[in-house]
Amino acid sequence: MEYKSSGKDSQKIIRELEEHYKGIHYYLNFGNPLELMVAAILSAQTRDTTVNAITPELFKRYKSAKDYANSTEEDLLKYVKGVFYAKNKASNIIKACKIIEEKYGGNVPNSMEELIELPGIGRKTANTILINAYGIVEGIPVDTWVIKLAYRMGLSESKNPDIIEKDLEKIVDKKYWNNISYILKEHGKQICGTVPKCSSCFLKDMCPKNGVAKSE
């Protein structure tokens, strides 16, 4: 039987994380909403460093939604071949930009409803775009790190991203919704990875360690 932190314990864990990782911000490099959308699509199951390494040349070649919409998959693949599922992502970027060009005048839409209709964009990526490109905070981006750590620390009993998002919204002050995902990701990278460093973790006395089979 898994243990879920009480509401009070969960809020304490969140407060400790927020204090410890103060100043953490979004990790992909971009200069405008379109660049963010493209980088976010490319980042799925791919290291941030890999995406940040390829986007400078990509963004020099493609400066507008029209550029992507008029591109061929073959040409775009030359710039994104270093990411996982490059062919599928290139196809989604081109399709999404065709819709953006035709329906939104070349501008990335700024609503959840419109964003999730674009190929390659789910709720996580839509939240990421809204928060980081437009300053609109409607929800919490839930990626694989958030799924793993929310369950491990008893912040949610579910592994469903939509349910986890709702669970986190209940215990995280809304002013932190814009960066709690990046805080959890950083904690995962520094301490709570595949083999978590439980013995040296500042949360060791309050974390239920759900699903932890081996730790340092």
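For the sequence shown, position 96 (counting from the first letter as 1) is numbered 95 according to numbering that gives the first Met the number 0, and the numbering increases by one without interruption. Using N, Cα and C, we set each Cβ at its ideal position, and we do this for glycine too. None of the values given here were measured: they were computed from a predicted structure.
Look up residue i in the DSSP assignment and say whether it is helix, strand or coil.
i           : result
residue 214 : coil
residue 217 : Here the chain has residues from 0 to 215 only, and residue 217 is not among them.
residue 0   : Caution applies to residue 0, whose pLDDT of 39 falls short of 50 and renders its modelled position unreliable; the value that the coordinates give is listed next. Three-state DSSP puts residue 0 in coil, outside helix and strand.
residue 114 : helix
residue 137 : coil
residue 127 : helix
residue 83  : coil
residue 36  : helix
residue 174 : helix
residue 199 : helix
residue 66  : helix
residue 142 : coil
residue 51  : helix
residue 182 : helix
residue 24  : coil
residue 103 : coil
residue 90  : helix
When burial is assigned at 16 or more other CB atoms within 10 Å of the CB, is residue i buried or exposed?
i           : result
residue 138 : buried
residue 30  : exposed
residue 206 : buried
residue 209 : buried
residue 127 : buried
residue 211 : exposed
residue 54  : buried
residue 194 : exposed
residue 158 : exposed
residue 38  : buried
residue 173 : exposed
residue 185 : buried
residue 188 : exposed
Could you tell me how far apart the beta carbons of residue i and residue j are, in whole angstroms, since I believe they sit closer than 8 Å?
i           : j           : result
residue 180 : residue 145 : 5 Å
residue 20  : residue 163 : Rounded, the Cβ-Cβ distance is 19 Å, inconsistent with contact.
residue 136 : residue 160 : Wrong, their Cβ atoms sit about 17 Å apart, outside the cutoff.
residue 104 : residue 40  : Not confirmed; about 20 Å, so no contact.
residue 75  : residue 93  : 7 Å
residue 47  : residue 27  : 6 Å
Which residues in the same chain have their Cβ closer than 7 Å to the Cβ of residue i, if we skip the five residues on either side of it in sequence?
i           : result
residue 178 : 23 and 24
residue 10  : 170
residue 131 : 25 and 35
residue 60  : 78
residue 123 : 140, 141, 142 and 160
residue 45  : 82 and 83
residue 96  : 64, 67 and 68
Grab me the residues of residue i's own chain with a C-beta within less than 8 Å of its C-beta, minus the 5 sequence neighbours each way, in chain order.
i           : result
residue 52  : 81
residue 8   : 153 and 205
residue 168 : 138, 139 and 176
residue 49  : 81 and 82
If I measure Cβ to Cβ from residue i and keep anything under 6 Å in the same chain, skipping five residues before and after, which residues do I get?
i           : result
residue 171 : 13 and 179
residue 166 : 155
residue 151 : 209 and 210
residue 133 : 109
Measuring only from the beta carbon, is residue i closer than 7 Å to any heavy atom that is part of the ligand SAM?
i          : result
residue 90 : Absence of the ligand SAM from the depicted structure is noted, as is the absence of any ligand whatsoever, leaving it without description.
Q) Quick check: the region 102–110 against the region 79–88, are there 3 or more CB pairs under 8 Å? A) no
Fill in: Cβ contact (3+ pairs, closer than 8 Å) linking the region 9–16 and the region 200–207
yes
- Could you say if the region 56–66 and the region 95–107 meet the contact criterion of at least three C-beta pairs nearer than 8 Å? Contact between the region 56–66 and the region 95–107 is present: 3 or more CB-CB pairs across the two stretches fall below 8 Å.
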